[in-house]
Structures are given as C-alpha cells and as structure tokens.
Amino acid sequence: MAVALPLIASVLPFALLWGTLAQQAGLSALETGLMSGLVFAGSAQFVATGIWTTPPAVATLVLAVFIVNLRHVLMGAALAPAIRSWGGWRSHLALFFMADEVWALALQRRAQRGLTPGFYFSVGVVFYLCWVASTQLGYRAGSWIPDPAAYGFDFAFAAVFLCLVRSFYVSWRSLLPWVASAAVASLSYSFIEGVWYILLGGLAGALVGLLLPPPRPAHPETVL
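First residue of the sequence shown: 1008, per my numbering; consecutive thereafter.
In structure tokens, the structure reads:
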C-alpha cells in the first residue's frame, strides 16, 4: 500500500534505535520481541527501557508507561466517530493499532475520503509487523551501531509525523491547538521532570480546540 510507505520508512530507524537501546538495557531478544508485540507503543517502550533495572521495578514501569499512554485517551476520542460504526470487536481492535502515525493517517484519510476498516487495518497491520521486525533487527545490530541517535535516526519518526500534521491545516483555527500543544509540551519538558510533557501538551491542544468558537457558516449570496 503506497500510502503506508512513508510510515514504514519512518518506523525503521526509530525501531532500530529502540532495539539497540533494549539490548543495552539488558533485555533478552525474547523480552524485546514480547514488549514490541504486546505493548506496541514506541514512546512507552523508550521510557520503559530508560528506567529499566534488574530486577525491574514493576510499579515504576507501570506508572511511567501509564502516564505516557494517557494521550491515547485523547487520540481515541478523536478517532471514535470514525470507528464507532465498525462494530464491537473491530472498534476495540482498531485501538490496539492506534500508534501515533497510524492515528494521524487515519484522521487524514477520514477527512479526505472517509475511513474504512480495510484501509485502517491494512495500514495498522503493516506498521505493526514492521515495528516488531525492525526492533528485533535493531536488537541484533546493537553492537554495530552503539549510538544510532548520533546519526539522527531518532528524528525520522518525528519528521514524518510533522508532515502528517501539516496536512491537517485548513485555516488559522486548525493551527491553534497544535501550536498550544507544542508550546505547553516544550515548557513542560524544560521545567517538569519525567514524561508529563506528553500528557500536558495533548491536554492543552484539546482544551484550545474546545474553547475555540465554532466557525461561522458561509453567508449565502443575496439573489436580487
């Protein structure tokens, strides 16, 4: 599927980087594969490996991952109108594949042509398989590339996401929530320890979106 190619290109370096970090944190190949396959959340996995200890501090890991993934509540609320009509099991399964890039592409598709289960799950499954396979490859190649971030590989995911966000621009109204989210996230990252900047940035964007006045309907032309 051609539309998924940019996502695949972006996930490869990001997944390779995480696989390398997982190896350096002391995870086994099996643990790396299970975390990628069952958690399937890049940000949460990066946070988890960053605070990983032997033996692991389970309560700390659960709390940190919970905080990072709270943004999925907001993402799910935005996606809900598009998937609610798909039926129970398909709607719930769609949430499992709701990675940041898949979510952004799904909203873009919904605005342009309408979102179908076939499109969503095709993109989601391809993205999922590439993520799991690439993290394993990164784990194996960890000794070859000790610091992938030094080559800028860690920015690929963010670059593709920014391109997708650009496609949402319609007018200044559509830009304000993104600006608010970026500003609050940046300030929170600078002054608050931990990963709260992810949640606070998402909440700020959602709040600005709610407070914006509804767009005025276009005035019909006066017929003389």
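Just so you know, even glycine gets a beta-carbon here, dropped at the ideal spot from N, CA and C.
At the C-beta level, residue 1067 and residue 1032 stay beyond 8 angstroms of one another.
Under a 10 Å Cβ-count criterion, residue 1089 is classified as buried, with 16 or more other Cβ atoms of the shown protein chains found around its own Cβ.
Pairing residue 1018 with residue 1051 gives a Cβ-Cβ distance that is not under 8 angstroms. DSSP assignment within the region 1040 to 1104 yields the following whole alpha helix (DSSP H) runs of 4 residues or more, N-terminal first: 1049 to 1057, 1065 to 1076, 1078 to 1090 and 1095 to 1103. Taken through DSSP and simplified to helix, strand or coil, residue 1035 comes out as coil. By the Cβ-count criterion, residue 1028 is buried, with 16 or more other Cβ atoms from all chains shown falling within 10 Å of its own Cβ. Non-local C-beta neighbours of residue 1014 in its own chain, meaning closer than 6 angstroms and more than five positions away in sequence, comprise 1108 and 1134, ordered along the chain. Using a Cβ distance threshold of 8 angstroms, residue 1104 and residue 1128 count as a contacting pair. Looking at the backbone, the Cα of residue 1184 and that of residue 1113 are separated by about 19 angstroms.
Taking 8 angstroms as the upper bound for CB-CB distance, residue 1189 and residue 1216 are not in contact here, some 14 angstroms apart. Exposed is the label assigned to residue 1119, since fewer than 16 other Cβ atoms lie within 10 Å of its Cβ.
Take the alpha-carbon of residue 1047 and the one of residue 1121: they are about 26 angstroms apart.
At the C-beta level, residue 1026 and residue 1143 come within 8 angstroms of one another. The residues 1180 and 1183, in chain order, have a CB closer than 7 angstroms to that of residue 1219 in the same chain once the five nearest residues on each side in sequence are set aside. The Cβ atoms of residue 1191 and residue 1043 lie no closer than 8 angstroms to each other.
Judged by beta-carbon spacing, residue 1124 lies within the 8 angstroms limit of residue 1097, meaning their Cβ atoms are closer than that value.
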